[in-house]
Amino acid sequence: MVLTKRIIPCLDIKDGRVVKGTNFLGLRDAGDPVELASRYNAQGADEVVFLDITASKEERGALIDVIRRAADELFLPLTVGGGINSIGDMQDLLRAGADKVSINTGGVKNPELITKGAEKFGNQCIVVAIDLRRNDEMKDGVTVIEMPDGSLCWYEVVIYGGSKPTGIDAVKWAKEAESRGAGEILLTSMETDGVKEGFDIPVTSKISTEVRIPVIASGGVGKLEHFYDGFVYGRADACLAASVFHFGEMTVADVKEYLAKRGVPVRI
Amino acid sequence: MTRVAILDYGLGNLRSVKKGVEKAGATVFITDDVEEMATADGVVLPGVGAFSEGMEKLNEMKKALLGYAESSPVLGICLGMQMLLDVGEEYGIHEGLGLVPGRVRQFPEKPGYKIPHMGWNNLKIVNDDPLFEGIPDNSYVYFVHSFYAETAKEYTLTSTDYICTFSSAIRNKNAWGTQFHPEKSGETGLKILENFIGML
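In structure tokens, the structure reads:
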């Protein structure tokens, strides 16, 4: 009996619809996030993440409606992220039925948002999402990470969907997020995201051993073994993926069956 | 139809609990009024957040809730379960409701174990109880917590292993509690909620 490793499908949402193509699932309405999420639920997903990629004020209503419907129909944990900049934003999503909110750029720009959110809603509600990128220009005070080829680098936090470097050391930022009350860290490496060659193992492993809270690995899954690597070598507590599930390359059930065979504890 | 009151003491995602209990077959109302609560067939004490803050908010309803539990079933979920116990140790020592003998303790640090205990873990049935009717040993349920219940075996319905072996569901007389979230535990969780409603 052990705590199982979690598999978390992520749905990118725009104007209340899933952005990536989902016809493969034979859904009546391929673009409905709640319908897709319930398919993932049936496949054995341990949680679902909704990421609002528009995140403009005007379109917030559509997202709130999606969360309400998802919370009414699905009895598994729901995390919502994208454009969360205030306690009010968090409250709206939690009231709609989200269990956790994921804070990214908003938390980097205003770290007090993490502290205040954790105080008000509890640590378990606050996921701090960190987008990061490898930086080979060493400087004083950074956390040195050794790559598999022996080269040394550090990882920098990037914001606004990965477009803007901040100069902030990602390992230090993860520890600060923890001390401010984050209940979980969601890491997305710009080095591996979309490349489908696996998670960014060195930085995931480093951060997962440096913090006491759970770490979710994200960005880079292309094959089943990438999940195994994320858990075993990346020391992740959960692995998140989007496109491999959206495009039907594998189901959550496939992933779990594979992991179970290789001795990784999963809920089947 | 069975009527269940969800006690609103200012914390937690009440919507999911309400939907879960409705899905399990009851009519649900959310209330912070103890007189209204008293009209229900059963009460659910939900909760996420800190013990001290929860008890502070619950204190004014405490007497009414204890009176209610003398004759009617109460189900505490997560923090709601922890508050059923005598004492909590989160942010200082705080008196709980005392409906189930025992205390709430913080998980000690242990290498390789993250805190909070977050995710799906399984239940080992310790004492048979109608709440777990039809729930097989080792069923998976969803947990999120950094503190755990320490109570005698006679009050323990299920145990779960994480850092230590702790009581993941408890009962004394009319008070039941689950450390996990049945409303987030898929079909297994809904079955447990159905079992609770079935006892009302």
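Sequence order for the protein chains is A and B. Note that the numbering used here has the first sequence beginning at 1, numbered continuously upward. Note that the numbering used here has the second sequence beginning at 269, numbered continuously upward. Just so you know, even glycine gets a beta-carbon here, dropped at the ideal spot from N, CA and C. Please read all numbers here as calculations on a predicted model, not as lab measurements.
Chain A within 8 Å of residue i, Cβ atoms only
i, result
"Met305 of chain B", "no"
"Leu458 of chain B", "yes"
"His385 of chain B", "yes"
"Ser339 of chain B", "no"
"Asp300 of chain B", "no"
"Val342 of chain B", "no"
"Glu358 of chain B", "no"
"Ser284 of chain B", "yes"
"Glu451 of chain B", "yes"
"Asp429 of chain B", "yes"
"Tyr410 of chain B", "yes"
Residues of its chain near residue i, where Cβ-Cβ distance is below 8 Å and the 5 sequence neighbours each way are ignored
i, result
"Ile87 of chain A", "Leu113, Lys116, Gly117, Lys120"
"Thr295 of chain B", "Met269, Thr270, Arg271, Val272"
"Arg235 of chain A", "Thr204, Ser205, Ser208, Thr209, Val215"
"Asp169 of chain A", "Gly141, Val142, Thr143, Trp154, Tyr155, Glu156, Val157"
"Lys441 of chain B", "Ala337, Leu367"
"Asp29 of chain A", "Confidence in Asp29 of chain A is poor, its pLDDT being 45 and thus under 50, which makes the residue's placement unreliable; the coordinate value appears in the next sentence. Counting only Cβ-Cβ distances below 8 Å, and skipping sequence neighbours, we find Glu35."
Residue j beta carbon less than 8 Å from that of residue i
i, j, result
"Pro341 of chain B", "Leu468 of chain B", "yes"
"Phe227 of chain A", "Cys239 of chain A", "yes"
"Val49 of chain A", "Gly31 of chain A", "no"
"Gly276 of chain A", "Ser427 of chain B", "Here chain A covers residues 1 to 268 and nothing more, so residue 276 of chain A does not appear."
"Ser269 of chain A", "Leu132 of chain A", "Because residue 269 of chain A is not part of the residues shown, which for chain A are 1 to 268, the question remains open."
"Phe375 of chain B", "Phe411 of chain B", "no"
"Ile465 of chain B", "Ala292 of chain B", "yes"
"Met323 of chain B", "Met351 of chain B", "yes"
"Val311 of chain B", "Val289 of chain B", "no"
"Ile213 of chain A", "Lys382 of chain B", "yes"
"Gly445 of chain B", "Met386 of chain B", "no"
Beta carbon proximity, residue i to chain B, threshold 8 Å
i, result
"Ile213 of chain A", "yes"
"Val203 of chain A", "no"
"Gln91 of chain A", "no"
"Arg6 of chain A", "yes"
"Asp271 of chain A", "Outside the displayed range of chain A (1 to 268) lies residue 271 of chain A, so it cannot be described from this structure."
"Phe245 of chain A", "no"
"Gly150 of chain A", "no"
"Tyr97 of chain A", "The sequence as given places Gly at residue 97 of chain A; Tyr does not occur at that position. It does: the Cβ of Gly97 of chain A has a partner Cβ on chain B nearer than 8 Å."
"Gln43 of chain A", "no"
"Ala37 of chain A", "no"
"Gly26 of chain A", "Model confidence at Gly26 of chain A stands at a pLDDT of 45, short of 50, so the residue's coordinates are unreliable and nothing is read from them."
"Gly107 of chain A", "no"
"Val171 of chain A", "no"
Chain-order list of residues whose beta-carbon lies under 6 Å from that of residue i (same chain, five-residue window excluded)
i, result
"Gly21 of chain A", "Bear in mind that a pLDDT of 42 at Gly21 of chain A, under 50, signals an unreliable position, so the number given afterwards is only what the model happens to contain. Excluding positions up to five away in sequence, the list is empty."
"Val302 of chain B", "Met329, Ala332"
"Leu63 of chain A", "Asp52"
For residue j and residue i, the rounded distance between their alpha carbons
i, j, result
"Ser320 of chain B", "Tyr359 of chain B", "7 Å"
"Pro404 of chain B", "Asn85 of chain A", "44 Å"
"Glu197 of chain A", "Leu224 of chain A", "11 Å"
"Ile216 of chain A", "Val34 of chain A", "22 Å"
"Asn222 of chain B", "Arg267 of chain A", "No answer is possible for residue 222 of chain B: the residues shown for chain B start at 269 and end at 468."
"Gly26 of chain A", "Asp12 of chain A", "Annotation note: pLDDT 45 at Gly26 of chain A (below 50); position unreliable, no value reported."
"Ile361 of chain B", "Leu347 of chain B", "15 Å"
"Arg371 of chain B", "Leu399 of chain B", "22 Å"
"Leu152 of chain A", "Glu401 of chain B", "57 Å"
"Tyr423 of chain B", "Asp193 of chain A", "49 Å"
"Val252 of chain A", "Glu47 of chain A", "11 Å"
"Thr79 of chain A", "Lys459 of chain B", "24 Å"
"Glu191 of chain A", "Asp140 of chain A", "23 Å"
"Asp99 of chain A", "Pro148 of chain A", "37 Å"
"Asn104 of chain A", "Gly167 of chain A", "15 Å"
"Val264 of chain A", "Asp300 of chain B", "44 Å"
"Ser435 of chain B", "Asp429 of chain B", "9 Å"
"Gly183 of chain A", "Ala37 of chain A", "23 Å"
"Asp276 of chain B", "Phe199 of chain A", "42 Å"
Residue i burial status per 10 Å Cβ neighbour count (16 or more: buried)
i, result
"Pro202 of chain A", "buried"
"Tyr155 of chain A", "buried"
"Asp470 of chain B", "Because residue 470 of chain B is not part of the residues shown, which for chain B are 269 to 468, the question remains open."
"Lys256 of chain A", "buried"
"Lys287 of chain B", "buried"
"Glu262 of chain A", "Residue identity differs from the one stated: residue 262 of chain A is Arg in this sequence, not Glu. With fewer than 16 other Cβ atoms within 10 Å, it is exposed."
"Val128 of chain A", "buried"
"Glu178 of chain A", "buried"
"Val108 of chain A", "buried"
Contacts around residue i, its chain only, beta-carbon distance under 7 Å, and the 5 residues preceding and following it disregarded
i, result
"Arg373 of chain B", "Glu357, Phe415, Tyr416, Glu418"
"Leu94 of chain A", "Val101, Phe121, Cys125"
"Ala174 of chain A", "Ile130, Ile185, Ile207, Glu210, Val211"
"Met90 of chain A", "Ile84, Val101, Gly117, Phe121"
Closer than 7 Å: residue i CB and nearest the ligand HEM heavy atom
i, result
"Val289 of chain B", "Among the components modelled here there is no ligand, and therefore nothing to report on the ligand HEM."
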